[in-house]
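Each protein sequence line maps, in turn, to chains A, B, C and D. Using our numbering, the letters of the first sequence map in sequence onto residues 89 to 233. Using our numbering, the letters of the second sequence map in sequence onto residues 4 to 369. Using our numbering, the letters of the third sequence map in sequence onto residues -8 to 210. Using our numbering, the letters of the fourth sequence map in sequence onto residues 4 to 421. No residue lacks a Cβ here, since even glycine has one placed at the ideal position from N, Cα and C. Read through the structure below, which is laid out as structure tokens, and then see the notes.
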Amino acid sequence: MSGLEHIGVQVVTAPQDGARSYVPALLREIEALLAELVASGRHGRIDLRSLPLLPGDDARLAALLGNGEVDAAIQAMGGTRVRETGVAGVWWVTHANADGETVAEFVEVTLVPEMLKTHPQDARTGLARLRERLAELTHEGETDG
Amino acid sequence: MADNQTVGETLASRGISRRTFLKFCATMTSLLALPPGMAEVMAETLARTRRQSVIWLSFQECTGCTESLTRSHSPTLESLLFDAISLDYHHTLQAAAGDAAERARVQAMQDNAGKYLVIVDGSIPLKDGGVYSTIAGHSNLDMLKETAAGAAAIIAVGTCATYGGLPHANPNPTGAVAVSDIIKDKPIVNVPGCPPIATVITGVVAHFLTLGTLPELDSLGRPKVFFGDTIHDRCYRRPFYDQGKFAKTFDDEGARSGWCLYELGCKGPTTHNACATVKWNGGTSFPIESGHPCLGCSEPNFWDAGSFYQALSAKTLPLSAHAGAALAVGAAAGVAVGLVSRAKKKAAARQHTRVSADDLEKGGGA
Amino acid sequence: MSGPELLLWARGTGLQIAVAIFLFGLLARFVELWLLGRKTDLSVARASAVGPGLRTVVSRSLPMPGALKQTPLVFLGGYVFHLGFLATLLFYVPHIHFLRSILGFGWPGLPPFLIDVIGLVTIATLIALLVQRFTDPVRRFLSRADDYVAWTVTFLPLLSGYVAFHRLGTDYTLMLALHILSVELLLIVIPFTKLMHMFTFALARWYNGAIAGRKGVRV
Amino acid sequence: MSTPAERATNAFLEQIDRPTAAFFESCVHCGMCAHACLFYTETGDPQYTPIHKLEPMRRVWEREFTLFGRVKKWLGLSKPLSEAELKTWEPLVYDSCTLCGRCSLTCPVGNDIVYMVRKMREGMVAAGIAPDGLKEASIRAVRVGSPMGVTLQALKAQIAHAEKDVGLKIPLDQEGAEYLLLMSSAEIMQFPEFMGAAAKIFAQAGVSWTLCSTAFEATNSGIQIGSSDIAAQLVQRIVDGAEKLKVKTVISPECGHAYTALRWEGPNLIGRPYPFKVQHILEVLDELRAAGKLQTEGMEEAKLTFHDPCQIVRRGGVVEQPRNLLRMVASNFVEMEDPGIYNWCCGGGGGVSANERAEPLRIKVFSRKKHQLDQLGVSTVVTACSNCRNMLEEGLEHNHMQVSVLSLTEMLAEHLKE
């Protein structure tokens, strides 16, 4: 919903300088985190927003990691997309707000990203809701019958 | 509003999933530049804690700051914060009115002595005994002092509370001052802006709630994480500034081409805020992106810093009267010195002793 | 005073004070000088003094034959410094806006990267000229406190301007304020030091050219 | 008015005018004037920097005529002029300045430094602080009529000699003549050929001229020592003589400062314009040349150059005339480095040649002229100032250089068509 294209603004970006790209360093960090996960099962996470990435670095990193098997969409006050990359155990998580703007972006090194899991508390709430439904259904049935 | 629910319970009762809350926490870690692995810890801690009691005091203000926080028509991540706190007193948002409202404040102060958070928007008038703004018969000054006494920390929200803002502008008829001018013995975080960015207010509160500490502040008491850079530092139009391409009017080719707005009075170079990165309206845009120069609203005295549309380097006060007076006095002084000099020269000519051959012969003159 | 407050003071009250002292001093000094007067020359002029006088006001910017070889650093340094100072003063866009807010009119500026280069070269030249003032026997011999005061107040706006331009130092707002204050210091000092030459040089050149000119000599 | 310092201060107060103030105000201490002054270039001693020679007068200007100086004086932060200070400056003002004015040409802010040195000497002489040689010359000029003590009797003897030499009548006190020729003492006594040369040229041109028994001396020691009072007295003699004889034009001879004294300073010294014209001999000769009244024959073949006398060329404005005249009689005329108004002084102008104390310094700084002449490798140097001529001859001899020095007027006279 960026208004840029509607108000005729040209966005100028600095010329790309491959030599100064952060991608190689990032890949090494991901490698270290993945080795840690394999060895001890510990999770890792990199906040892409906190890094001084050059324009195009994120796309280059994404291209290098490739696409994996999982591509999940979550609706939680705005969309969240959780993709496994071509490197199994390395995930790309993008949080957007209700307006579709990306508000946070992470590379997660884990077996299953926390965002995909259902929280036990939510499960309890779900169970309660399910039982309510069942109770309603039973009640309806009784009334009908 | 005061209750003893945990944050988790409140979320559950509102039908908000813990996954959504985790997303909120992940976003906050990113925003506050905290270690990214903290999101889950933050979510779990927050869910189990009792909701933080917050007392929101509104003094000489326009409610724009509150509007900034609550303006959205759809539930946003930021608004989740309201579920993590117990907003025990807030003129605009609380259901209670009159004595009941004031009782709620006193009750919250008693129940949470030393632990509650005070958020202030608006400046405090000191002139004529503070008569220019009173609530329930109390002057703002009294209410602030009384409420601040038992607070854990104070967050001054908006330029009025942080630096005096519009009420403080010349000639400051009410003697308006900032919170930090009055309260000296409590930690104060300044979140300036007219209004401040909602996400920034949320971020500071979230920091306090999750870590129990206040973020690192700059010399003006602002969180460095949001106010560390200037608008100019992070402005996407900066390349045009560096190339010397400037819009001269609001409808010229430069303006249409999105060139730098410096010449139209942009205060970006001296304004510390997160507008250029966090942006407004859910990340849609910010003033410069919409073609308007930055007013510098998060800096002290921005109302008195000359025209919004005059370049940053321009003078802010008229010079002609001073210049005229200086020239007049200078001319008078010059004439005085000059006339004395002329008199001296005349006297010297009168006292001139003719040099004669005899004088030279004597070797010493007359 | 915080950075923003200092900046506001510098752009407002500080500027008023500086401009007032500058104009006061300038006019007082000029009138005092003018009123000293000059006797009419009774000798028969060989030629008009006006043309040569005006010519010298301009032509004295060029070195006398051979002079460039004798003092190359002072000459070239003098050119680079004066032109560089004027270029950064008059053609940096924020400066144009400052002047426009006072004069009521403006003119096109140079791209900031050019100003950056010119500024750096000017700063380097000014330092070289100071070093030369310390090392050259004639200049060291002639120099008084006035010369070092003038150098310092001229150097400060360039240095603070460069620091602010590159956002060096801790706080840009503070640097900008200090930059403006350094310019105000310069303004205040001008009428009471040798920096007055920026105005009186034309008069001095005029007299030199006119005195020689009426004898038929073009200097 | 008692102490020398007070008299000097008083004179400075009289002398400092708007141009002086503009010059002092503009000086930035760049030091370039040092490199235009042969006393600095040939010695490397910074105290000879021209603007420094004016420091006592500059202090009086600052203390008495400027806003800040006044305040400082009032607060007791500045010192009045002292006799010791003036004595320290005496050698700087008299021994190491020939009033050549080269510094005035280089100053980037346009300071006419020599204009101020002239004024500075007024203060020095008012204080009685000046070299003995100059004082004595001034006393002789006032009392005897010539700085070298040349009397009318001596002049008459020289006239008789010259008349015999050239076979022409040399008129004395001839009323109504077109030209009144003045001469310097040096020309009368050391270079008497000059008188004959003039007689030959005027005879050929058919113009009437005369010498004056009460005004034969052209030089003016008052200008050199810096006393307007004495200079005015000496100028007045010439004006009286010229008015008595009702001449149209007074000719200043081959002498530098005589021209400055009579042509440019004279009317200001006596306080009124002259009823006659003042011309340098070279101006007169060039006018005769242009009118076809100066016919020469034969050419000097030897390579020769022209030494520009400061007061005639740079400070006098007679720049092209000597060159026009030289080309008539010299086929191999070459210019020195820095010719014309940029020429370097012989080292003896401005009273330096009359100042015995300055002699070693004067001989030392002749190295500049030696260098200029060595560069050209000429056998002859022509000039138009008898003081320059003396200085050149002394300097050349001291440096064992085989270069002959000629007077331009005499050279022309030798080539006159018979």
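Chain D contact for residue i (CB, 7 Å cutoff)
i: residue 60 of chain C; result: no
i: residue 151 of chain C; result: no
i: residue 360 of chain B; result: yes
Residue-level contact to chain A via CB, residue i, 7 Å cutoff
i: residue 130 of chain B; result: no
i: residue 39 of chain B; result: yes
Short CB-CB distance (under 7 Å) between residue i and chain B
i: residue 7 of chain C; result: yes
i: residue 8 of chain D; result: no
i: residue 207 of chain A; result: yes
i: residue 191 of chain A; result: yes
i: residue 88 of chain C; result: yes
i: residue 202 of chain A; result: yes
i: residue 128 of chain D; result: yes
Residue i versus residue j - alpha carbon distance
i: residue 76 of chain B; j: residue 188 of chain A; result: Because the pLDDT at residue 76 of chain B is just 48, under 50, the model does not fix this residue reliably, and the value given afterwards should be weighed accordingly. One C-alpha to the other measures close to 15 Å.
i: residue 100 of chain B; j: residue 90 of chain B; result: 15 Å
i: residue 85 of chain C; j: residue 183 of chain C; result: 28 Å
i: residue 295 of chain D; j: residue 289 of chain D; result: 10 Å
i: residue 152 of chain C; j: residue 170 of chain C; result: 6 Å
i: residue 371 of chain B; j: residue 252 of chain B; result: Outside the shown range of chain B (4 to 369) lies residue 371 of chain B, about which nothing can therefore be said.
i: residue 13 of chain B; j: residue 25 of chain B; result: 15 Å
i: residue 217 of chain B; j: residue 146 of chain C; result: 42 Å
i: residue 263 of chain D; j: residue 316 of chain D; result: 10 Å
i: residue 324 of chain B; j: residue 6 of chain C; result: 13 Å
i: residue 136 of chain A; j: residue 203 of chain B; result: 19 Å
i: residue 196 of chain A; j: residue 37 of chain B; result: 16 Å
i: residue 102 of chain C; j: residue 201 of chain B; result: 37 Å
i: residue 225 of chain D; j: residue 67 of chain D; result: 27 Å
i: residue 385 of chain D; j: residue 310 of chain D; result: 6 Å
i: residue 65 of chain D; j: residue 130 of chain C; result: 21 Å
beta-carbon residue i near the ligand SAM non-hydrogen atom, thresh 6 Å
i: residue 246 of chain B; result: Annotation note on the ligand SAM: not contained in the displayed structure, which lists no ligands.
Neighbour flag for residue i against chain C, beta carbons, 7 Å
i: residue 228 of chain B; result: no
i: residue 49 of chain D; result: yes
Near-chain C residues of the segment 101 to 123 of chain B (beta-carbon distance less than 8 Å), N- to C-terminal order:
Look at the segment 101 to 123 of chain B: it has no residue with a C-beta under 8 Å from a C-beta of chain C.
Would you check if the segment 89 to 99 of chain C and the segment 198 to 210 of chain C touch, i.e. whether three or more CB-CB distances between them fall below 8 Å?
Touching, no.
Give me the subset of the segment 16 to 41 of chain D whose CB atoms are less than 8 Å from a CB atom of chain C, sorted by chain position.
Taking 8 Å as the Cβ-Cβ cut-off against chain C, the residues of the segment 16 to 41 of chain D that qualify are 19, 20, 21, 22, 23, 24, 25, 26, 28, 29, 30, 31, 32, 33, 34, 35, 37, 38, 39.
Select from the segment 285 to 306 of chain B all residues with a C-beta closer than 9 Å to any C-beta belonging to chain A, and list them in chain order.
If you check each beta-carbon in the segment 285 to 306 of chain B against every beta-carbon of chain A, the ones closer than 9 Å belong to 285, 286, 287, 288, 292, 293, 294.
Output needed in chain order: residues of the segment 5 to 39 of chain B with a Cβ under 8 Å from some Cβ in chain C.
Listed by position along the chain: nothing, the set is empty.
Minimum length 4: unbroken alpha helix (DSSP H) runs contained in the segment 186 to 251 of chain D
Counting only runs that start and end inside the segment 186 to 251 of chain D, the alpha helix (DSSP H) elements of at least 4 residues fall at 188 to 192, 196 to 208, 224 to 228, 231 to 248.
For the segment 113 to 126 of chain C and the segment 65 to 77 of chain C, state whether three or more C-beta atom pairs, one from each stretch, are separated by less than 8 Å.
The segment 113 to 126 of chain C and the segment 65 to 77 of chain C touch, with no fewer than 3 CB-CB distances between them shorter than 8 Å.
Scan the segment 110 to 127 of chain A for residues whose Cβ lies nearer than 7 Å to a Cβ of chain B and list them as they occur along the chain.
For the segment 110 to 127 of chain A, which is checked against every Cβ of chain B, not one residue is closer than 7 Å.
What are the residues of the segment 137 to 149 of chain C that lie near chain B, defined by any Cβ-Cβ distance shorter than 7 Å?
Contacts with chain B (Cβ-Cβ distance below 7 Å) from the segment 137 to 149 of chain C involve no residue at all.
Touching or not, the segment 190 to 201 of chain B and the segment 160 to 169 of chain B, by the rule of three or more beta carbon pairs under 8 Å?
Flag = yes, the segment 190 to 201 of chain B and the segment 160 to 169 of chain B touch.
Which residues of the segment 338 to 350 of chain D have a Cβ closer than 7 Å to any Cβ of chain C? Give them in chain order.
Answer in chain order: 341, 344, 345.
Would you call the segment 353 to 368 of chain D and the segment 98 to 117 of chain D in contact, with 3 or more CB pairs under 8 Å?
With the cut-off at 8 Å, the segment 353 to 368 of chain D and the segment 98 to 117 of chain D touch.
Using a Cβ-Cβ cut-off of less than 7 Å, give me the residues of the segment 310 to 344 of chain B that come near chain D, in sequence order.
Within the segment 310 to 344 of chain B, contact with chain D at the beta-carbon level (separation under 7 Å) is assigned to 336, 340, 344.
Sufficient close CB pairs (3 or more, under 8 Å) joining the segment 342 to 353 of chain B to the segment 5 to 23 of chain D
At 8 Å Cβ cutoff, the stretches touch.
Residues from the segment 132 to 145 of chain D in contact with chain B, defined by Cβ distance under 9 Å:
Within the segment 132 to 145 of chain D, the qualifying residues are 132, 133, 135, 137, 138, 139, 141, 142, 143, 144, 145.
When you check each C-beta in the segment 216 to 233 of chain D against every C-beta of chain B, which residues fall closer than 9 Å?
Listed by position, the residues of the segment 216 to 233 of chain D near chain B (Cβ gap below 9 Å) are 225, 228, 230, 231, 232, 233.
When Cβ atoms are compared, which residues of the segment 65 to 82 of chain D fall closer than 9 Å to chain B?
Residues 67, 68, 69, 70, 73.
Mind listing which residues of the segment 42 to 66 of chain B have their C-beta closer than 9 Å to chain A's C-betas, in chain order?
With the criterion set as a beta carbon lying under 9 Å from some beta carbon of chain A, the members of the segment 42 to 66 of chain B are 42, 43, 46, 50, in sequence order.
Stretch pair the segment 178 to 187 of chain D + the segment 205 to 214 of chain D: three plus CB contacts closer than 8 Å
The segment 178 to 187 of chain D, when compared against the segment 205 to 214 of chain D, does touch it at the 8 Å Cβ threshold.
With contact counted as at least three CB pairs below 8 Å, one residue from each stretch, are the segment 305 to 324 of chain D and the segment 251 to 267 of chain D in contact?
With the cut-off at 8 Å, the segment 305 to 324 of chain D and the segment 251 to 267 of chain D touch.
In chain order, which continuous runs of the beta strand (DSSP E) of length 3 or greater are located wholly inside the segment 273 to 311 of chain D?
If one requires a minimum length of 3 residues, the beta strand (DSSP E) runs lying completely within the segment 273 to 311 of chain D are 280 to 283, 307 to 309, in chain order.
For the segment 219 to 301 of chain B, list the alpha helix (DSSP H) runs that are entirely contained and at least 4 residues long, ordered along the chain.
Contiguous alpha helix (DSSP H) elements confined to the segment 219 to 301 of chain B occur at 227 to 230, 234 to 237, 241 to 246, 256 to 259, 278 to 281, taking only those with 4 or more residues.
Can you confirm whether the segment 38 to 47 of chain D touches the segment 67 to 83 of chain D when touching is taken to mean that 3 or more C-beta pairs between the two stretches lie within less than 8 Å?
The segment 67 to 83 of chain D vs the segment 38 to 47 of chain D: no contact.
Contact between the segment 20 to 29 of chain C and the segment 178 to 192 of chain C is defined here as three or more beta-carbon pairs at a separation below 8 Å; is this criterion met?
Verdict: yes, contact present.
In chain order, what residues of the segment 236 to 248 of chain B put their CB closer than 9 Å to some CB of chain C?
Listed by position along the chain: 236, 244, 245, 246, 247, 248.
Pull out every residue of the segment 103 to 127 of chain D whose Cβ sits closer than 8 Å to any Cβ of chain C, in chain order.
Within the segment 103 to 127 of chain D, contact with chain C at the beta-carbon level (separation under 8 Å) is assigned to 107, 108, 109, 110, 111, 112, 113, 114, 115, 118.
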